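Numbering (my numbering), first residue to last: 269 to 647. Even glycine gets a Cβ: it sits at the ideal position worked out from N, Cα and C. If you're wondering where the values come from, they're calculated on a predicted model, not measured in any experiment. Down below is the structure, laid out as structure tokens.
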Amino acid sequence: MSIIKRITVQTYAYELDDVGANVMVFEKGGKSTVTKFVVSIETNDGHIGSYAPHYGSSSSALAQAKDMAPALIGQNAEQREKIFEDLKIAWRHFDRVGIAAIDCALWDLAGKKYGASISQLLGGFRKRLPVYASTFPGQKTPGGLDSVESYADFAEDCMKRGFQAFKIHGFMDGTAKTEIAIMTAIRNRVGDGLKLMTDPVSSLSTFIEAIEVGRACDDLKFYWYEDPYRDASSSAVAHKRLRDFIQTPMLIGEHIRGFEQKADFVLAGGTDILHIDPELDGGITGTMKLAHFADAMGMEVQLHTAGPMHRHCMSAIQNTHFYELGLVRPHDAWNGFQPPIFICDYGDQVSNVGTDGCVPVPTGPGLGVSYDWDKINKW
Ligand SMILES: [Mg+2]
Numbered sequence: 269m270s271i272i273k274r275i276t277v278q279t280y281a282y283e284l285d286d287v288g289a290n291v292m293v294f295e296k297g298g299k300s301t302v303t304k305f306v307v308s309i310e311t312n313d314g315h316i317g318s319y320a321p322h323y324g325s326s327s328s329a330l331a332q333a334k335d336m337a338p339a340l341i342g343q344n345a346e347q348r349e350k351i352f353e354d355l356k357i358a359w360r361h362f363d364r365v366g367i368a369a370i371d372c373a374l375w376d377l378a379g380k381k382y383g384a385s386i387s388q389l390l391g392g393f394r395k396r397l398p399v400y401a402s403t404f405p406g407q408k409t410p411g412g413l414d415s416v417e418s419y420a421d422f423a424e425d426c427m428k429r430g431f432q433a434f435k436i437h438g439f440m441d442g443t444a445k446t447e448i449a450i451m452t453a454i455r456n457r458v459g460d461g462l463k464l465m466t467d468p469v470s471s472l473s474t475f476i477e478a479i480e481v482g483r484a485c486d487d488l489k490f491y492w493y494e495d496p497y498r499d500a501s502s503s504a505v506a507h508k509r510l511r512d513f514i515q516t517p518m519l520i521g522e523h524i525r526g527f528e529q530k531a532d533f534v535l536a537g538g539t540d541i542l543h544i545d546p547e548l549d550g551g552i553t554g555t556m557k558l559a560h561f562a563d564a565m566g567m568e569v570q571l572h573t574a575g576p577m578h579r580h581c582m583s584a585i586q587n588t589h590f591y592e593l594g595l596v597r598p599h600d601a602w603n604g605f606q607p608p609i610f611i612c613d614y615g616d617q618v619s620n621v622g623t624d625g626c627v628p629v630p631t632g633p634g635l636g637v638s639y640d641w642d643k644i645n646k647w
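Structural data, given as structure tokens:
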């Protein structure tokens, strides 16, 4: 038995180049400091598992992970189901985003203990994952995706590189007009060469604008339509109504927190495809439960954002299509948003995608990636 003897929750900070004060904006020569965290769990028999969240590395997730950790000392590190359940109940007043890093570190530990990748532990069958390019938001200042034309250029570039699908995060100015302009320009440029999706990021100002963009998705044969308007995709009833007006499948769920709450949203008719975020929805344990729930209903899921945890989960989920490679934009040299903490060849940039339009599932024990601990400790 592997008993948890120590949990370390460690922050680190690093500098991003070529970004504005808002790190989502490309600005040549600009700099910004980003702080993230990593959880490591050690057991009495000498095993260690770690996970460094990426997009889910918020200060609230950090605070929760720190508060959750002490109660796990002395527990069996392999009883992930029990730990998930205990944390879910104990943190019932909150959104429970702290569970994910702990859960993933426990899976990493188990994989290392048995010399198997997490994909193997999950019964994974995919070795390579077809990606979609998920763009940075558009910007008004020069650089990055700064015009309708630059979106079309970037989509064409991604198509030539072997990508099979491309998702727009637009200018988020609240209007259907700009959104539809980008969608139309890209479709005209790439023809049927890419599956296209759009995610207005809850920015469209009204329900009617959401219908308007949805009808454009129908006309332009978009693959899915995600989080359109300002209810922040929180209302299942509203999205059931919206689905009555449009044909394109809707991808909702990114902003619904809670295991049972996500199931309720699906059962109330709020979406066609369920969005699950491994870093916000209870790690691997929470993600796989939700994926199986959806599968039993004939529903597909999409995993939100990128990372090694996502790849292992996706390798073992039947009812899913694409790996979200994001966020990307037309600057290959740019080091991206991904924390530069890997000493292996792991990466989630445009340049990491193979000519087959896929990225690999790591094959080493546990997560199958190596963190650069010297860098993390220094930072
Ligand atoms: Mg989204």
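- No heavy atom of ligand 1 is found nearer than 7 Å to the CB of residue 346.
- In terms of Cβ geometry, residue 537 and residue 530 do not form a close pair [threshold 8 Å].
- Taking 8 Å as the cut-off, the Cβ atoms of residue 473 and residue 501 do not count as close.
- About 18 Å separates the beta carbons of residue 542 and residue 574, which is beyond the 8 Å limit, so they are not a contact pair.
- In the three-state reduction of the DSSP assignment, residue 543 falls in the strand class, which pools E and B.
- Per DSSP, the unbroken beta strand (DSSP E) holding residue 308 starts and ends at 294-311.
- Rounded to whole angstroms, the Cβ separation of residue 554 and residue 379 is 18 Å, and the two are not in contact under 8 Å.
- At a threshold of 7 Å, residue 494 counts as near ligand 1, since its beta carbon sits closer than that to one of the ligand's heavy atoms.
- Beta-bridge partners assigned by DSSP to residue 318: 308.
- For a cut-off of 8 Å, the C-beta gap from residue 399 to residue 625 is around 6 Å, short enough to register as a contact.
- Contact check between the segment 328-345 and the segment 270-277: three or more CB pairs, one atom from each, fall below 8 Å, which counts as touching.
- Going by beta carbons, residue 507 and residue 539 fall inside the 8 Å limit.
- Our two residues, residue 490 and residue 465, have alpha carbons roughly 6 Å apart in a direct line.
- Residue 401: member of the beta strand (DSSP E) spanning 396-403, first to last residue.
- The beta carbon of residue 406 sits closer than 6 Å to those of 413, 438, 439, all from its chain and outside the five residues before and after it, given in chain order.
- Segment contact: the segment 363-381 against the segment 439-450, fewer than three CB-CB distances shorter than 8 Å; contact not assigned.
- Counting C-beta pairs with one atom in each stretch, the segment 476-483 and the segment 511-525 have three or more that are closer than 8 Å, which means they touch.
- Between ligand 1 and residue 469, a heavy atom-to-CB distance of less than 7 Å is present.
- Taking 8 Å as the upper bound for CB-CB distance, residue 629 and residue 324 are not in contact here, some 20 Å apart.
- Just so you know, the alpha carbons of residue 331 and residue 487 end up roughly 45 Å apart.
- Assignment of residue 556 by DSSP, reduced to helix, strand and coil, places it in the helix class.
- Restricted to the segment 574-631, the beta strand (DSSP E) segments that are unbroken, complete and at least 3 residues in length are 591-596, 626-628, listed in chain order.
- Between the alpha carbons of residue 337 and residue 550 lies a gap of roughly 15 Å.
- As the crow flies, the alpha-carbon of residue 279 is around 14 Å from that of residue 608.
- Distance from the Cα of residue 282 is smallest, within the candidate group 360, 304, 298, 570, for 304.
- Distances from the alpha-carbon of residue 322 to those of 580, 631, 548 put 548 closest.
- The C-beta distance from residue 292 to residue 422 rounds to 16 Å, too long to fall under 8 Å, and the pair is not in contact.
- Looking at the DSSP output, residue 272 sits in a beta bridge with 311.
- Taken in chain order, the complete beta strand (DSSP E) segments of 3 residues or longer contained in the segment 442-474 are 463-466.
- If only complete runs of 3 or more residues are kept, the segment 312-393 shows the beta strand (DSSP E) at 316-319, in order along the chain.
- With contacts defined by Cβ atoms closer than 8 Å, residue 571 and residue 582 form a contacting pair.
- Distances from the CA of residue 639 to each of 497, 394, 319 were compared; the closest alpha carbon is that of 319.
- By alpha-carbon distance to residue 610, the top candidate from 595, 460, 591, 636 is 636.
- For the pair residue 593 and residue 494, the Cα-to-Cα distance works out to about 16 Å.
- For the pair residue 433 and residue 402, the Cα-to-Cα distance works out to about 9 Å.
- Residue 424 has its CB no nearer than 7 Å to any heavy atom of ligand 1.
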